[in-house]
Amino acid sequence: MPRVPFGSSKRSTEDVASDNEDVASDNENLASDDQPTQEELLASLAKAEDADSNGEDCELHIYESRPREVDHTELEIQSRHIIRALRSVIGTYHGIDFSSRIVTITEPPMCLFHYRDELRQHAEASDNQQLKDHMRLCLQYTEKTLHQEIKIFDSFKSGSSLAPELEHRHLWMVFKPGCLVYQKIDGIEQLSRLRYIEADEVDDCSANRLWSWDLSTEGVSWAGREFGLTGGFIEIKRFDGRRPVHELSAVPLQFHPERKRIREDLLKRGRRFISLFGRNYCFYDGAAKIWGAFEPHDKSLTQAHTSGRIMLDPEQYDRSVTCGHRHFVLGADVYTSSDEANQKLSDDDVLTCHHSLPGFSLESRRWGLFFIPNIQDIAYDDEAFAGLVLPEEKKRLISALVRHQSLLGGDEYDDLIQGKGKGLVFLLHGPPGVGKTYTAESIADHTRRPLLKITSGELCHAESRVEERLSSLFYLATRWDGIILLDEADVFMQERSADSLTLLRVLEYYQGVLFLTTNRAETIDSAFKSRIHLSIAYPPLSADGRCQLWKSAIARANRGQPPEWLTPDILDHLASTATNGREIRNLVRTGISLARSEERDLEYLDLVQALETLQQFESDFNEWRGKRKIEKPVSTG
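Take the sequence shown: its position 522, counting from 1, is numbered 522 in our numbering, and each next residue is one higher.
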C-alpha cells in the first residue's frame, strides 16, 4: 500500500537535494521495470529546522506501491506539531484518527483540502516557529498534490456563471464536513448538517468503475418523547459531464442561489417545530403522509390531503407505528422541552429541524406525519354550545359533568376493582338531525378537548378486531383527556348481541368521557343502563327550535353576526318547512356556495333556492317510494 509520511529525521539539506535528483531516475526505472511489486521513493519537498529541537528536521516521505491492483496513496504524518494543529483546527474527520501518534490519510487528502485556509491561519497566529515551518511543509504538499483540484475549486467559487458547474468526481470539494446541506423531500425543503462524504465504488464486469457520493448527515428530529440530532443519509448518483451544483439532489447551502430565503424560512419553521413538540391539539390543512389505516401492522404510508383537527404525539406515534426505529447521534444532547432546546440549540441546529411532526388525525383516525407549515392553532367555536337547541338546565348539567369528570373518576367513585368504573357515559337518543352529534361536538369545543368520533359502520369493517380497535381508541382518548363519540351505536348496544358484550368489556376500564347516540333507545341491552350516567331524549324540532338553528347557522356564515336582511318574518318562513338540524346546516352551505360562485355575500334568495331544491327532492323521493310499493308483488297466500 502506498504511503506518504510526514516525519522527523536527521538528514542534511544536501542529502535531501540528492534524493530529489534520485526520484526522477527511480521513476524512470520503475516505469520500465515490471519485476519489483513495490518500490520506495523519497521526495523531500522542504526541510524545517528549529533551534530548540537540536536540529530536528521535518521531511516529506512518499512511499508508492506500483502493483496494478493498488491505485491510491497514503500520507503518514509523524510531526507532533502538525498533528496537534490538526487536532486543534479539525478536531474529528471521518476515517482519520487524530489521536494516534502517527496520523494516516488516504489520498486525496480531503481534510487538508477542506481545512487548508484554517490550518494556514492557525500557523500564522502561532508563536512557534517550528509549527509554522512544519505546517508550511504540510500545506506545500497539499497544494502540490491537489493543485488541479484547488484550481478547479477556485474557478468554481469565483466564476461569473449564475449556475456554477462541477463534474461528479469533483463534488467532494464543495461538501465540507459541518456544512449545511439542502435537499427537497417530497417537495418539502430540508436542511441537514454534513458529517462526512465518501465515495461508493462498484466494479462492473467491464472493469469500469461506477460510483456515487454518499453523504452522512445529521439533523434535529424526534425519537419517542425526546428530540435531538438524528442521523441521515443522502446519495448523489453518478452523472456524466458537468452539472450545476444547485440542481443536485443535495446542495451545500452556501452555494444555493436562494440561501438567504431558505435560511429565513427554515429558521422560522424550526422554531415552530420546537414549540410544537410533544402532545399538542392542533388544526391541519394540507398534504400529509398518512398510514393506510388505524392499525399498528398497516405500514403503507401515502401522501394525501388532510383537513381537520390532529393530535401531535411523537411518543405514542413511535409506540403505535414505528416501534422506536429512530436513534439519536451518539453523544448528542437530547431534549424533552422547548425551553431547554431554545437555550442550547444554535440557529444552525434549528435550521436542521425536521419538516414534519408525527400525530393522529381525528377525522380519519389514522396516524401520519404532518408538515409544520400546515399546522395551525385551533379556532374554537365558542358559540356552538350556547346555540345548542336544548333546555338550559340540561346544557348546564352536561357541562358540569364533562368539566369535572375527574371528580367522578376519584377513589370515592371507583369500583372495588382498581381502574374500573371511572368513565363518564352519556346516552343521547332521538330522531335524526335533532342535535345529538352536535351536542358532543359543541361540548368538546366548549371544554377545549379533542373529540374522537367513531361510527359503528367503520368498526364493522373489521369484525374480528372490533375490541382491539375500540380499546386502542379508548386508550388514546384517555391519554389525551379527550371525548369519544360513538355515533349510531345501536349495533353495539342491542339486547344479547356479541358487539354489546364487546363494548361493555371495553367500558369496564375506560376512564374518559363517552357519548353514545342512537335512534332506537328501546333496543338497548339492559346491561348498559347501569353504565349510563346521563340519558337525554331529543324530541323532533319545533318551529322555535328551527328558528334558532336557522339564525345560528346564518350568523356563522356571516362572520358571526346575523345579516340585516334576516328579519323575524324571514326566519318564520324558513322555519315553516319541516327540516332537521343537519338539513338546515346543509341548506346554508348550499346557499354559501351559490353566493361565492358569484363573489358576493349570502342572500335570502340563495336559501330559498336551496330550500326549493330540497323540497323538490323530497317530493320526487316520496313519489319513487310510492311506485315501489305499488310495483311490489302482493302475496295471495
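A virtual CB, placed ideally from N, CA and C, is assigned to each residue, including glycine.
Computed from a predicted model, the values in this text were never measured in an experiment.
Run through the DSSP bridge pairs and tell me what residue i is partnered with.
i      : result
Asn280 : Leu312
Gly95  : According to DSSP, Gly95 bridges with nothing at all.
Phe233 : Ser216
Val181 : Ser192, Pro252
Gln376 : Phe283
Leu266 : For Leu266, which the question treats as bridged, DSSP gives no partner whatsoever.
Lys289 : Gln303, Leu369
Leu594 : Bridge partners of Leu594: none, in fact.
Phe239 : In the DSSP output, where bridge partners are listed per residue, Phe239 has none listed.
Phe429 : Correcting the residue type first, residue 429 is His in the shown sequence and not Phe. DSSP output for His429 lists Thr518, Ala537 as bridge partner(s).
Ser221 : Gly228
Do residue i and residue j have their C-beta atoms within less than 8 Å of each other?
i      : j      : result
Ala288 : Gly368 : yes
Leu514 : Val425 : yes
Arg505 : Ile483 : no
Glu107 : Thr142 : no
Val350 : Arg271 : yes
Ile638 : Asn342 : For residue 638 there is no data in the structure shown, the boundaries of the chain being 1 and 637.
Glu201 : Met173 : no
Asp214 : Glu235 : yes
Tyr335 : Gly228 : yes
Trp550 : Glu603 : no
Leu473 : Gly435 : no
Thr439 : Asp487 : no
Tyr281 : Ser307 : no
Gly359 : Phe370 : yes
Gly647 : Leu541 : The question about residue 647 has no answer here: the residues shown for the chain are numbered 1 through 637.
Pro164 : Arg225 : no
Leu191 : Tyr182 : yes
For the alpha helix (DSSP H) containing residue i, list its first residue and its last residue.
i      : result
Asp348 : 347-351
Thr478 : 466-479
Gly344 : Inspection of the sequence shows that residue 344 is occupied by Lys rather than by Gly. Note, Lys344: alpha helix (DSSP H), 338-344.
Arg695 : This structure does not reach residue 695, given that the chain is present from 1 up to 637, and the question cannot be answered.
Glu441 : 436-446
Tyr141 : 129-145
Asp487 : Segment 483-487 is the beta strand (DSSP E) holding Asp487; no alpha helix (DSSP H) there.
Ile77  : Counting along the chain, Ile77 falls outside any alpha helix (DSSP H), though it belongs to the beta strand (DSSP E) covering 74-77.
Glu118 : 116-125
Arg169 : Unbroken run through Arg169: none, as it is neither H nor E.
Phe492 : 490-493
Ser526 : No alpha helix (DSSP H) holds Ser526; DSSP gives it neither H nor E.
Leu707 : An answer regarding residue 707 cannot be provided, because it is not within the stretch 1 to 637 covered by the chain.
Residue i lies in the beta strand (DSSP E); which residues open and close that run?
i      : result
Gly368 : 366-371
Val174 : Here Val174 belongs to no beta strand (DSSP E), and DSSP marks it neither H nor E.
Leu357 : 356-361
Arg243 : 242-244
For residue i, which of helix, strand or coil comes out of DSSP?
i      : result
Lys422 : coil
Val321 : helix
Leu253 : helix
Glu550 : Per the sequence shown, the amino acid found at residue 550 is Trp instead of Glu. Of the three classes helix, strand and coil, the one that applies to Trp550 here is helix, per DSSP.
Asp50  : With a pLDDT of only 40 at Asp50, under 50, the local geometry of the prediction cannot be trusted, and the value read off the model is given with reservation. Here Asp50 sits in coil by DSSP.
Tyr510 : coil
Asn622 : helix
Leu531 : Note that residue 531 is Arg in the sequence shown here, rather than Leu. Looking at Arg531 - three-state DSSP - the assignment turns out to be helix.
Ile454 : strand
Thr330 : The sequence given here places Leu at residue 330; Thr does not occur at that position. Looking at Leu330 - three-state DSSP - the assignment turns out to be coil, as it is neither helix nor strand.
Ala578 : coil
Leu42  : With a pLDDT of 31 at Leu42, under the threshold of 50, the predicted position of this residue should be treated as unreliable, and no value is reported.
Asp154 : helix
Leu30  : Note that Leu30 scores 36 on pLDDT, short of 50, meaning its location in the model is unreliable and no value can be drawn from it.
Val103 : strand
Tyr538 : coil
Gln303 : strand
Leu416 : Confidence in Leu416 is poor, its pLDDT being 42 and thus under 50, which makes the residue's placement too unreliable to answer from.
Thr518 : strand
Pro568 : helix
Glu612 : helix
Gly228 : strand
Ala543 : helix
Leu501 : helix
Phe617 : helix
If we define contact as Cβ-Cβ less than 8 Å, is residue i a contact residue for chain C?
i      : result
Pro244 : Although the question refers to chain C, the structure presented lacks it and comprises just one protein chain.
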